[in-house]
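Worksheet: one structure, shown below.
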Amino acid sequence: MAAQSSAAPRPLSAGRSGPLTGRFRVPGDKSISHRALMLGALATGETVVTGLLEAGDVMNTAAAMRAFGAAVTRDGDGTWRVRGVGVGGLLEPTGVVDFGNAGTGVRLCMGLVAGQPISVTFTGDGSLVKRPMGRVLEPLRRMGVEVIARSGDRLPLTLRGAATPLPIEYRVPVPSAQVKSCVLLAGLGTPGVTTVIEPVFTRDHTERMLAGFGAAIEVETDADGVRTIRLEGRPELKAQHVTVPADPSSAAFPIVAALIVPGSDLTVEGVLMNPARIGLITTLIEMGADITLENERESGGEKIADVRARASALKGVTVPPERAPSMIDEYPVLAVAAAVAEGETMMLGIEEMRVKESDRVAAVAAGLAANGVSVREGPDWLAVTGGRVRGGGHVVTHLDHRIAMSFLVLGFVADRPVTVDDGAVIATSFPDFEASMTAAGGGFTEEQAA
């Protein structure tokens, strides 16, 4: 059963599009935006953030940091300022902290709370309260955190941070940047050294930003690629100037659209090229995509480039399971590319997709089938056979912004328009998606109601 939204759904349709052209800007990276606000709240002095993603998920994190006592403000030019309270200085909120749809925000924030003797009640929207929190709560309990939660460790729940938190050595059981980051952030408020062992490399924004703010953090990688991360607790973090690059997960939608719409030539500007985030680019190039990286540069320890995508004849490939951590949010739009590629695309090792904003494997399979695309699914895999997209289907988004955007992109190449049941959820990560895609040549209507 689909989760219920607090706002009235806004059905949205996309129909066959002419060539998509020009230069395209996407919002700031969501992962870096969350972390910049959180570390700014723990730093001494004023952290200045430019390029922050001003979408629902990140705005909920900003509100949470205010509830913990940090001063978070926005200048007229879009610059954000965070005057922190220092490590150990978070205040106990007077009310419930509501993270809306922000799974990353709430899981990382639980880590912030863990090392301080305060009680915090967390909740979220109809989608977030269904998502499991046990994988971050398990290590936090080992550090001494008290958890009061309903069955299945789901929101709403209350955490009481440990008065004397215990440093732990924690081996992450499944690849998850959220679990790793939660434990590291908990380690900030914990005396001694907190150690995280990561058998499979996941996005490393937390480690990079902790170092940038002055934390004592070491990362060692052995011959088998296992990473051991050690963080010394209770440092003094220093305020920084953070420039947030464009989000590769949001860039995925115009990139795939340009590849599959005939005659397209679109350049997406200033995209984050962190090695842990470019699995989709790697996969698309293997499928025959005409993608080039231009104006490559570095900012704040992160690689950035303009990504030029031109219409291409794609072919199906097998995506190996070890690539999943570097593109876990991009599989829905990869499935759209696969729907028009020649042959079958097999995506392996994607069980993490089943515990995102929705069960994305099931949602993608149902949406593709509704629009005449041949698709098969298993517990940790999805297989899509490409061809002509009949379209005309109605897609249930389950309040999932990436499902909504992916199927609107599919509509650009379908014989008949593709309708999603709620375009409003896109504001979670990409508020200007519809306007930006329209400016590039895409077409939307709101006439087809559910």
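FYI, in the UniProt record's numbering the residues of the sequence shown are 1 to 450. We put the CB at the ideal spot given by N, CA and C, even for glycine. Since the model is a prediction, treat every value here as computed from it, not as a measurement.
Identify the residues that DSSP records as bridge partners of residue i: which are they?
i	result
R107	R107 is not bridged to any residue.
M347	V319, L382
D290	R310
T123	D98
K303	E298
V72	V82
Y170	V196
T50	T243
F24	V268
S249	DSSP, once it has assigned bridges, lists no residue as partnering S249.
residue 495	Since the first and last residues shown for the chain are 1 and 450, residue 495 lies out of range.
E342	K315
Using a Cβ-Cβ cutoff of less than 8 Å, which residues in the same chain neighbour residue i once the five nearest sequence positions on both sides are dropped?
i	result
T79	V48, V49, T50
E207	L184, I217, V219, I229
R10	D422, G423, A424, E446
V355	R131, P132
P167	M143, G187, T190, P191, G192, V193, T194, T195, G233
Rounded to whole angstroms, what is the Cα-Cα separation between residue i and residue j?
i	j	result
T442	I255	The identity of residue 442 in the sequence shown is Gly, whereas the question assumes Thr. Answer to the nearest angstrom: the Cα atoms are 13 Å apart.
S406	D265	19 Å
G18	V261	7 Å
R35	I118	21 Å
G192	G144	14 Å
G233	P165	10 Å
L399	D422	7 Å
L128	L155	7 Å
S358	A404	11 Å
G316	L334	11 Å
L12	A239	42 Å
I148	L410	43 Å
T438	T445	11 Å
T283	S299	25 Å
S436	A215	38 Å
L293	E286	15 Å
A369	G152	31 Å
residue 493	K130	With the chain covering only 1 through 450, there is no way to say anything about residue 493.
K30	D57	8 Å
F24	V336	20 Å
I140	T318	Note that residue 140 is Leu in the sequence shown, not Ile. Between L140 and T318, the C-alpha separation is close to 37 Å.
I281	I291	8 Å
M110	V174	19 Å
G126	N101	8 Å
A2	S429	Low confidence applies here, because A2 scores a pLDDT of 35, under 50, leaving its location unreliable and the question unanswered by this model.
G124	G103	9 Å
G22	V307	12 Å
S176	A341	30 Å
A305	A251	12 Å
A311	A223	40 Å
Q4	F99	Any answer about Q4 is weak, because its pLDDT of 39 lies below 50 and its placement is not dependable; what the coordinates show is given next. So the alpha carbons of these two residues sit roughly 16 Å apart.
Here's a check: name, in chain order, each residue in its chain whose Cβ is nearer than 6 Å to the Cβ of residue i, leaving out the five neighbours to either side.
i	result
K303	M273
A246	V26, G270, V271
I32	H205, V244
A211	I217
A67	P93, V97
T61	H34, L37, G105
A258	L20, S264, L266, A309
V172	V179, K180, E198
G279	R323, S326, M327
V72	A62, M65, R66, V82
E296	A305
G392	R416
A363	H398, I403
When you compare the CB positions of residue i and residue j, do they come within less than 8 Å of one another, or not?
i	j	result
G386	A339	yes
R277	R323	no
M38	L108	yes
P85	A41	As written in the sequence, residue 85 is Val, which differs from the Pro given in the question. Closer than 8 Å, so yes.
M346	A383	yes
V120	T158	yes
F253	F433	yes
V87	P235	yes
F201	P325	yes
A414	A55	no
R81	D75	yes
T44	L237	yes
I161	Q116	The sequence shown places Gly at residue 161, not Ile. Yes; because the gap between Cβ atoms is below 8 Å, this pair is in contact.
Between residue i and the rest of its own chain, which residues show a CB-CB distance below 7 Å, the 5 nearest in sequence each way excluded?
i	result
D329	S249, R402
P379	E351
Q448	Any reading at Q448 is ruled out, since the residue's pLDDT is 43, under 50, leaving its predicted position unreliable.
V373	A339, V384, V389
T397	I403, A404, V420, D421, D422, V425
A365	V375, E377, L382
Looking at C-beta atoms only, is the number of pairs between the segment 178-193 and the segment 261-277 that lie closer than 8 Å three or more? no
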